[in-house]
Structures are given as structure tokens and as C-alpha cells.
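K.L.:
Got a structure for you, questions after.
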Amino acid sequence: MRSNNDHFFYMLAVIIFLIMKLAYTFFENEAVLFLLLPTNLAIETITSSIAAYDPQSGFFHESLNIVIDKSCSGFNFWILCFVMFAFTTVRFIKGNALKLMMFPAVLLISLVLTIFVNTSRILLATLTPEFFNEQFPWLHQAQGTLIYLTFLITFYLGLYYLLQKLPLSHEKLA
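Take the sequence shown: its position 170, counted from the start at 1, is 528 in my numbering, and no numbers get skipped.
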């Protein structure tokens, strides 16, 4: 049975999510460099394309004809991934101290997963012929949404399965 204390941790996750979402509205490219830099490095490594960075416009890859900036940093996916992981994990952990310590770990794990997913999304977008992007401007956003949703569901199912197998679980769900 779920503890009433869990509600505190669910609310904490929502509050962190809302604060991060609000803060993001004021961010410029510099504020999300912790996401942009590793993503750009992965893109450079995989594609052998070198980007030029401008604080106003982000990372420009001339050979790929793409810009990686705040809008494609993956920040929204990161905080969504965080809140999903936090909600899923809270009910499986015994003890309030462990639940509290789980939050930084979940933020970090979500960050690593975000960089992986965002790199995958950008690489897929570079494979889409320019013709389709010009004829169907919504395609770029639809691709991103599909990729993010697919990975989010996959991560949830994997985490849920893993948490049911770990000994720190106090609740086995049917």
C-alpha cells in the first residue's frame, strides 16, 4: 500500500518541475549549455561536422544546415523525464531519506537520457530530406514529438520493470 508520505514527494517533484519550467521561459542559449554542449559534441563526433557557436543563435552546423539552440536543447523532455522517473520511483523506495536522495539521482539520470534522446532526434532530423521540411513545416516537430514520446514510454516501461525486480521495492504491483 502506498504511504501518505509519498504525496509529499509527488508534490516535491511537481514543484521542481514547475520551477524549472518557469525558469526555462527566461533562459537564453547560455543557460542550457549543459544540454547543448554534450548534444553538439555527440553530433560533431557522429557526423564529423564542426559547429560554430554564437551565444545568440546557438551551434550552427554549416555542413548539415542545422542550428542547435535553446528550442532544441531537450530541456522540456528533461524535466518531463525527471517528473516521470520521480513519480515512478517514489513508491518503490523505502524511507523518506532515500526518497529525498533519489531526486538528484533522478535528475542526473534524466539528464543523461535526454542528451542521448536529443542527439538521436537531431540525427534523425538531419536524415530527413530538405524537400519534406520545406513542403511540410510541421514534420520536424512531429518527428521530435514521436521520438520523445517513444523514448519516454520505453524508459517508463524499463524503469517500472527494473524497480519491480530490485530488493528496495516495498510494493509489488500486479
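Just so you know, even glycine gets a beta-carbon here, dropped at the ideal spot from N, CA and C. This structure is a prediction, so every number in the text was calculated from the model and none was measured.
1. Have a look at Y369 and Q493 and give me their C-alpha separation to the nearest angstrom.
2. With which residues is D427 paired in a DSSP beta bridge?
3. Would you mind reading off the limits of the beta strand (DSSP E) that contains A389?
4. Return the chain-ordered list of same chain residues with a C-beta closer than 6 Å to the C-beta of L465, the five sequence neighbours on each side being excluded.
5. So what's G502 in DSSP terms, helix, strand or just coil?
6. Locate the alpha helix (DSSP H) running through F366, then write down its first and last residues.
7. With distances taken Cα to Cα, identify the nearest neighbour of L393 among V470, F366 and A444.
8. Looking only at C-alpha atoms, which of S478, A483, F443 and F474 sits nearest to P462?
P.N.:
Working from what's here:
1. Against the sequence shown, residue 369 aligns to sequence position 11. Against the sequence shown, residue 493 aligns to sequence position 135. This sequence places Met at residue 369; Tyr is not what is there. About 44 Å.
2. Taking the first residue of the sequence shown as position 1, residue 427 is located at position 69. Residue pairing by DSSP places D427 opposite no residue, since no beta bridge is assigned to it.
3. Taking the sequence shown and counting its residues from 1, the one referred to as residue 389 is at position 31. Annotation for A389: no beta strand (DSSP E) segment contains it, and DSSP assigns it neither H nor E.
4. Counted from its first residue, the sequence shown places residue 465 at position 107. In the same chain as L465, and ignoring 5 residues on each side of it, the C-beta atoms closer than 6 Å to its own belong to F440, in chain order.
5. Within the sequence shown, the letter at position 144 stands for residue 502. Residue state, collapsed to three classes: helix.
6. The residue given as residue 366 occupies position 8 in the sequence shown. Where F366 is concerned, the enclosing alpha helix (DSSP H) starts and stops at D364 to Y382.
7. Here residue 393 corresponds to residue number 35 of the sequence shown, with the count starting at 1. Minimum Cα distance to L393 is reached at V470.
8. By 1-based counting over the sequence shown, the position of residue 462 is 104. Cα-wise, what sits closest to P462 is F443.
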